[in-house]
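Take a look at the structure set out below.
Protein chains in written order, with our numbering: chain Y, 16 to 417; chain U, 11 to 297.
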């Protein structure tokens with residue numbers, strides 16, 4: 016998961032990283048007041064807060080906002096007001112949000128920092144080597160895809176420093192970064208800045224920190240003009256303050272419920288609801304469905320489930336989704352025992368009734384036991400031998416159902 | 011011969027008394043796996059499931075001559091359990107536990123440099139040599155012995171492939187689940203090299219996972235192998251934005267190759283045969 020820019024910046028500030036003065040605002044009037052209290056004169060920057068990148072290049076759904084994106088330089092207080100008014104309660108569509116876009120429920124108003132150069136800075140993990148890598152690039156203010164295209168054409172525009180699992184960089188390494196940037200900043204300034212980021216990286220169990228961009232002032236000071244932190248979900252148990260940031264209205268309610276039970280749930284279009292127990296199986300089932308002309312409404316990944324009640328609650332999510340017109344339960348039980356799924360299905364069906372076709376395919380751990388439980392239940396369903404035949408059965412059943 | 015495990019492998023179980031461990035270990039013993047002991051700190055009994063219990067891996071290894079260990083310890087204490095096994099110089103450690111923090115796995119990977127231990131996993135279904143033994147949580151009624159080696163980042167897709175292979179009468183030499191986590195102990199190429207040396211393996215199936223640079227590295231290293239056995243890589247399309255978890259820096263580290271199409275090209279260029287469905291995989295095998 017990642018968090019809002021302003022939330023990431025609050026963390027940055029705690030660790031002493033230079034960030035522009037800024038305040039969050041929920042209404043245009045609040046935005047104007049915020050600007051006024053940040054600096055007596057402009058310009059200011061009004062930034063839409065959504066949990067997705069490429070905001071600057073984004074477009075708003077409601078045309079009242081004009082053609083400009085979600086990050087706007089505002090010279091006067093009135094401009095701050097009107098820009099905030101354009102953005103708030105509007106949907107911002109960027110290449111990372113999908114076609115629907117994301118609702119802008121708050122804007123971040125910042126002082127404008129005059130800079131002489133900008134760079135992209137990222138700290139991430141090389142998964143194969145299990146080492147931390149510092150990434151610096153001369154390409155800034157670009158979305159992911161554009162960025163990557165630029166880099167593919169110009170390898171010299173990126174500098175990477177593999178630091179293993181060291182907690183700090185040394186002055187010689189920092190000097191290399193400074194040399195790469197070719198601007199008036201010293202190795203010591205770079206070292207201090209990067210080491211603050213590394214301190215954050217380890218302290219919050221991040222898997223990636225990115226700043227797109229940092230700005231350098233004419234005396235070489237380094238400012239984080241943007242901030243994004245991706246957290247390791249396996250380590251969130253150590254960080255209650257970060258967990259609290261995730262309870263946000265932007266996360267789809269159903270996805271939130273599923274994640275509470277420890278399951279992965281994704282909504283796609285409308286069509287079949289797929290319940291599986293693994294990422295790979297999910298992809299394969301969605302692809303096979305597509306091959307025979309069936310769209311997927313959503314899928315639920317019950318991987319690692321051991322608790323009957325939680326499994327039942329997960330299945331309920333799919334059964335209560337109005338966009339689902341048939342369900343395919345495709346379980347290859349290893350760790351997950353098929354009989355627990357069978358129990359879950361019966362619990363939910365007894366609770367809600369089952370009025371759409373249900374196809375079940377069980378293989379593996381406790382398969383026979385599971386089939387027996389279902390057969391005794393008197394529930395209306397069909398058993399499939401494998402993924403393909405299951406989807407065919409479901410297709411037929413849905414067509415007959417209409 | 012087989013890869014990593016056979017019926018002679020002497021297996022310890024770390025965290026044997028847990029509900030999940032008990033269930034799956036009993037099945038594995040019935041299958042033929044030689045379980046020689048359990049490790050439980052602060053044990054209250056001397057035996058469990060008919061095998062002796064020990065307080066430490068070191069003691070267990072001395073008393074039982076175990077050369078492998080399977081870890082079922084909960085995620086928050088898994089790091090210490092794995093490091094204990096590395097320090098006791100257990101040759102093979104298979105980690106079933108899921109949800110281990112990335113920072114813990116980074117530390118473990120660094121502890122493995124220069125050690126005598128291979129760590130498979132975490133978050134893996136385990137490893138199996140059909141009709142001999144397994145360390146893991148496999149559905150045990152589906153595997154058949156044969157000549158195909160499988161190395162995979164996706165557990166369920168592996169089961170699916172095995173079931174389809176059975177239909178066309180092709181059994182497996184060994185199946186190695188690498189695990190589905192952000193950082194894993196053993197990468198594809200280590201296992202491909204082992205299958206290359208294994209006399210019982212004719213052909214290798216690589217089942218790709220979502221995200222990361224594991225497949226890219228496998229391709230790069232495979233290209234360097236001379237007279238390698240054929241590798242068929244199964245890389246299923248990713249129609250959902252599932253893989254887009256990361257920011258730009260992660261993408262740059264993966265050589266900017268993160269979508270399935272680009273990964274396929276790299277694998278093909280390395281000499282692997284790349285397929286995008288189980289159907290195509292079967293066709294390729296029957297050639």
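Idealized CB from N, CA, C, for every residue including glycine.
>> My assumption, with CB atoms under 8 Å, is that residue 33 (chain Y) sits in contact with residue 237 (chain Y). Please give the rounded CB distance.
In response: 6 Å
>> So, at 7 Å on beta carbons, what are the nonlocal neighbours of residue 241 (chain Y) in its own chain, with the 5 sequence-adjacent residues on each side left out?
In response: The answer, listed in chain order, is 20, 226, 227, 228.
> Taking the alpha-carbon positions, what's the residue 27 (chain Y) to residue 344 (chain Y) distance?
Replying inline: 45 Å
>> Less than 7 Å between C-beta atoms, sequence neighbours within five positions excluded: which residues of the same chain meet that for residue 182 (chain Y)?
In response: 213, 217
>> Less than 8 Å between the C-beta atoms of residue 60 (chain Y) and residue 88 (chain Y), yes or no?
In response: yes
> From which residue to which residue does the beta strand (DSSP E) around residue 237 (chain Y) run?
Replying inline: In the DSSP assignment, residue 237 (chain Y) falls within the unbroken beta strand (DSSP E) covering 237-239.
> What do you get for residue 266 (chain Y), buried or exposed, if any count of 16 or more other CB atoms within 10 angstroms of its CB means buried?
Replying inline: Because the pLDDT at residue 266 (chain Y) is just 47, under 50, the model does not fix this residue reliably, and the point stays unresolved.
> Relative to chain U, which residues along the region 152-179 of chain Y have a C-beta separation below 8 Å, given in chain order?
Replying inline: 152, 159, 162, 163, 166, 167, 173, 175, 179
> Which bits of chain Y does residue 109 (chain U) rub up against, with CB to CB less than 7 Å?
Replying inline: 249
> Since residue 124 (chain Y) contacts residue 50 (chain Y) with CB under 8 Å, what's their CB separation in whole angstroms?
Replying inline: 5 Å
>> Restricting to runs no shorter than 4 residues, where is the alpha helix (DSSP H) found entirely within the region 53-102 of chain Y?
In response: 92-102
> My guess is that residue 116 (chain Y) and residue 128 (chain Y) are in contact by the Cβ rule of under 8 Å, so how many angstroms apart are they, rounded?
Replying inline: So it is not a contact: roughly 28 Å between Cβ atoms.
> Hey, which unbroken runs of the alpha helix (DSSP H) at 4 residues or more fall wholly within the region 126-168 of chain Y?
Replying inline: 159-168
> Beta carbon of residue 160 (chain U), beta carbon of residue 171 (chain U): below 8 Å?
Replying inline: yes
> Residues of chain U with a CB under 8 Å from the CB of residue 223 (chain Y): which are they?
Replying inline: 256, 257, 259, 260
>> Along the region 236-249 of chain U, where does the CB come closer than 7 Å to a CB of chain Y? Name the residues.
In response: Residues passing the 7 Å Cβ filter: 246, 247, 248, 249.
> Beta-carbon of residue 282 (chain U) versus every beta-carbon of chain Y: anything under 8 Å?
Replying inline: no
> When we look at the beta-carbon of residue 335 (chain Y) and count the other beta-carbons within 10 Å, is it buried (16 or more) or exposed?
Replying inline: exposed
> Taking only beta-carbon atoms, is residue 378 (chain Y) less than 8 Å away from chain U?
Replying inline: Interface residue, yes.
>> Could you check whether the Cβ of residue 339 (chain Y) sits closer than 8 Å to any Cβ belonging to chain U?
In response: no
> Should residue 352 (chain Y) be labelled buried (16 or more other beta-carbon atoms within 10 Å of its own) or exposed?
Replying inline: buried
> How big is the Cα-Cα spacing for residue 79 (chain U) and residue 65 (chain U)?
Replying inline: Taking the straight line from one Cα to the other gives about 14 Å.
>> Below 9 Å on C-beta distance, what does residue 120 (chain U) contact in chain A?
In response: The displayed structure is made up of protein chains Y and U, and chain A is not among them.
> Which of the residues in the region 148-166 of chain U, read from start to end, lie with their CB under 9 Å from any CB of chain Y?
Replying inline: Within the region 148-166 of chain U, those residues whose Cβ lies closer than 9 Å to any Cβ of chain Y are, in chain order, 148, 149, 150, 151, 152, 162, 163, 164, 165, 166.
> With 16 other CB atoms within 10 Å as the buried threshold, where does residue 57 (chain U) fall?
Replying inline: exposed
> What residue ranges within the region 193-255 of chain Y form continuous beta strand (DSSP E) runs of no fewer than 3 residues, ordered along the chain?
Replying inline: 221-231, 237-239, 243-246
> By how many angstroms is the C-alpha of residue 72 (chain Y) removed from the C-alpha of residue 91 (chain Y)?
Replying inline: 22 Å
> How many angstroms separate the CA atom of residue 180 (chain U) from the CA atom of residue 156 (chain U)?
Replying inline: Computed Cα separation, rounded: 6 Å.
> Taking the C-alpha atoms as reference points, what is the distance between residue 366 (chain Y) and residue 317 (chain Y)?
Replying inline: 20 Å
> Would DSSP call residue 4 (chain U) helix, strand or coil?
Replying inline: Given a span of 11 to 297 for chain U in the structure shown, any question on residue 4 (chain U) remains unanswerable.
> What does residue 223 (chain U) touch in chain Y if you count any residue whose Cβ is under 8 Å from its own?
Replying inline: 141, 142, 143
> In whole angstroms, what is the alpha-carbon distance linking residue 157 (chain Y) and residue 132 (chain Y)?
Replying inline: Taking the straight line from one Cα to the other gives about 15 Å.
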